[in-house]
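Trainee: I'd like to ask some things about the structure below.
Number of protein chains: 2
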Amino acid sequence: MLPYEHIGYIGAMTNSPNDVTPYRLCKADALPPSDQHAQQYAAVRNAHETELLEDYVELIADLLKHQGEARSTDIAARMGVSQATVSKTVTRLKSLGLVSSKPYRSLFLTEKGEAMAAMSHQRHAIVLKFLRALGVSDHTARIDAEGMEHHVSQETLDIMQRFSREQERGGS
Amino acid sequence: MLPYEHIGYIGAMTNSPNDVTPYRLCKADALPPSDQHAQQYAAVRNAHETELLEDYVELIADLLKHQGEARSTDIAARMGVSQATVSKTVTRLKSLGLVSSKPYRSLFLTEKGEAMAAMSHQRHAIVLKFLRALGVSDHTARIDAEGMEHHVSQETLDIMQRFSREQERGGS
DNA sequence: CTAATATTTTAGCCAAGGTTAACTTATTAG
DNA sequence: CTAATAAGTTAACCTTGGCTAAAATATTAG
Ligand SMILES: [Mn+2]
Ligand SMILES: [Mn+2]
Ligand SMILES: [Mn+2]
Ligand SMILES: [Mn+2]
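So the protein lines, in turn, are chains A and B. Count the first sequence with this note's numbering and you get residues 900 to 1071, in order. Count the second sequence with this note's numbering and you get residues 900 to 1071, in order.
In structure tokens form, the structure reads like this:
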């Protein structure tokens, strides 16, 4: 399958009345049709809604696994925010049925929370491994993966995984 | 340079008193040191602050280039939000010195706005091209790029660009 | 020129995610 | 056991980025 099959939108419909744009001028970087463009931004807004929740449950799962318990003071330190912020977000996580806890006590994940944590963790790992396989330094890969992970579709994840696997074999 | 040099954090310092985690159990996916971990999240929060601004100036530049003017009604349609939302965000862009306009008239970019738009556009283009070169479908690549672009460091961008270039030559 | 329509702005609302400061509860030292 | 310290919560505040409904301005049709 060849890349660059759909470059630009030469034949795309445009409903603006003053569409006198000469065909030749905007070759490869014309605007996508309005509705598709809107879909792109909507997908990003969508990702933003769950981003923080995913990071929290992932971190809580990691702390439970590696430290035995997930205290909100650790979360605050690891996230680099105040404890008050953690407290409020945890309240939200509880109201969403992702986390359970008694006041002043350690945190736990619900079934739903564990499911989300597992998926987030796997996705995070795939992206991180891919970036390292690409040749990105560990430090940078970790930073980029933390943000990118929330904006990578399943299709791209599959391709990233395949790439890492091939790299692993054929890697010099 | 071999990948997977720094896997995990076996030798990392941990200051938690109840650190009885057996060495063998958490091999490849131990938690990074607290301060580095916090840096990751801080970088993401940082990106979130400019994300929308970047998308706006980029879109405004695109509209100016392809349609001759940037009306807030077009922005609203392309972003998939209400005109009121656009109006408010444009007020913010103006207060940040990125956009200029007279009331009820079309929008323009300041020098600063154009600079930001140029950088954002280039970064966006690199990410999109990279995803297509990887083999991701055009539709998915556009969606993923719209979100990923804001979380990709210069180091990774350089590597993506090199990858796309090599793909272009050796591509079957 | 006037009336209808389209565009832009404003006002009032909301949720998320951050802050500091003050308070409450747990844990630890003596 | 009590006092000091650590951890967690709550209250009050802020900015961002959404929304709807209403008002103001521009543009277009007749
Ligand atoms: Mn993650
Ligand atoms: Mn993340
Ligand atoms: Mn962009
Ligand atoms: Mn974007």
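Even glycine gets a Cβ: it sits at the ideal position worked out from N, Cα and C.
1) What residues from chain A crowd round Met1018(B), counting only those whose CB sits closer than 8 Å?
2) Can you tell me where the alpha helix (DSSP H) holding His1049(A) begins and where it ends?
3) Between the Cα of Val1035(B) and the Cα atoms of Thr1039(A), Arg1022(A), Asp1057(A), His1049(A), which residue gives the shortest distance?
4) Which residue wins for smallest C-alpha separation from Gln1066(B), given the options Lys1028(B), Glu1045(B), Thr1055(B)?
5) Note down, in chain order, all residues in the stretch 1030 to 1049 of chain B with a beta-carbon under 9 Å from any beta-carbon belonging to chain A.
6) Please classify Arg991(B) as buried or exposed, where buried requires at least 16 other C-beta atoms within 10 Å of its C-beta.
7) Where DSSP assigns a beta bridge to Val998(B), which residues make up the other side?
8) Ala937(A) lies in the alpha helix (DSSP H); which residues open and close that run?
9) Closer than 8 Å by C-beta to Thr949(A): which residues in its own chain qualify, once you throw out the five before and the five after it? Chain order, please.
10) Using C-beta distances below 6 Å, list every residue in its chain close to Arg1031(A), excluding the 5 sequence neighbours before and after it, in chain order.
11) For Tyr955(B), count the other beta carbons within 10 Å of its own beta carbon; 16 or more makes it buried, fewer makes it exposed. Which is it?
12) Have a look at Glu975(B) and Ala929(B) and give me their C-alpha separation to the nearest angstrom.
13) In chain order, what residues place their C-beta within less than 7 Å of a heavy atom belonging to ligand 4?
14) Please compile the residues from chain B whose C-beta is within a distance smaller than 7 Å of the C-beta of Gln939(A).
15) Below 7 Å, is the gap between the Cβ of Glu948(B) and the nearest heavy atom of ligand 3?
16) Express the C-alpha separation of Ala1014(B) and Gly1046(A) in angstroms, rounding to a whole number.
17) Let me check you understand the geometry: is the CB of Glu957(B) closer than 7 Å to at least one non-hydrogen atom of ligand 3?
18) Pull up the CB-CB distance for Leu963(A) and Phe1062(B), whole angstroms please, since I reckon it's below 8 Å.
19) Per DSSP, what kind of secondary structure is Ala929(B) in: helix, strand or coil?
20) Quick one: which chain B residues come within Cβ less than 8 Å of Gly931(A)?
21) Can you list, in chain order, the residues of the stretch 965 to 995 of chain B whose Cβ is nearer than 7 Å to any Cβ on chain A?
22) For Ala960(B), count neighbouring Cβ atoms within 10 angstroms of its own Cβ and tell me buried if that reaches 16, exposed if not.
23) Is the beta carbon of Ser1019(A) within less than 7 Å of some heavy atom of ligand 1?
24) Could you tell me which of Thr1055(A), Val1051(A), Thr1009(A), Pro932(A) sits nearest to Glu957(A), measuring between CA atoms?
25) Check each candidate in Ala1016(B), Gln1060(B), Gly979(B) and name the one with the smallest Cα separation from Leu997(B).
26) Is Val998(B) close to chain A, meaning its C-beta is less than 8 Å from at least one C-beta of that chain?
27) What would DSSP say about Thr920(B), mapped onto helix, strand or coil?
Mentor: According to the structure data:
1) Here the premise fails: no neighbours, minimum Cβ distance about 15 Å.
2) Counting along the chain, His1049(A) falls outside any alpha helix (DSSP H), and DSSP gives it neither H nor E.
3) Asp1057(A)
4) Lys1028(B)
5) Leu1030, Arg1031, Ala1032, Leu1033, Gly1034, Val1035, Ser1036, Asp1037, His1038, Thr1039, Ala1040, Arg1041, Ile1042, Asp1043, Ala1044, Glu1045, Gly1046, Met1047, Glu1048, His1049
6) exposed
7) Leu1008(B)
8) 933 to 966
9) His1049
10) Ala1040
11) buried
12) Per the sequence shown, residue 975(B) should be read as Ala rather than Glu. The alpha-carbon atoms of Ala975(B) and Ala929(B) are separated by roughly 45 Å.
13) Val943(A), Glu950(B), Glu953(B), Asp954(B), His1023(B), Glu1045(B), Gly1046(B), Glu1048(B), His1049(B)
14) Arg1041, Ile1042, Glu1045
15) no
16) 24 Å
17) yes
18) So it is not a contact: roughly 37 Å between Cβ atoms.
19) coil
20) Sequence check: residue 931(A) is Pro here, not Gly. Result: Arg1041.
21) His965, Gln966, Ala976, Arg977, Met978, Gly979
22) buried
23) yes
24) Thr1009(A)
25) Ala1016(B)
26) no
27) Model confidence at Thr920(B) stands at a pLDDT of 38, short of 50, so the residue's coordinates are unreliable and nothing is read from them.
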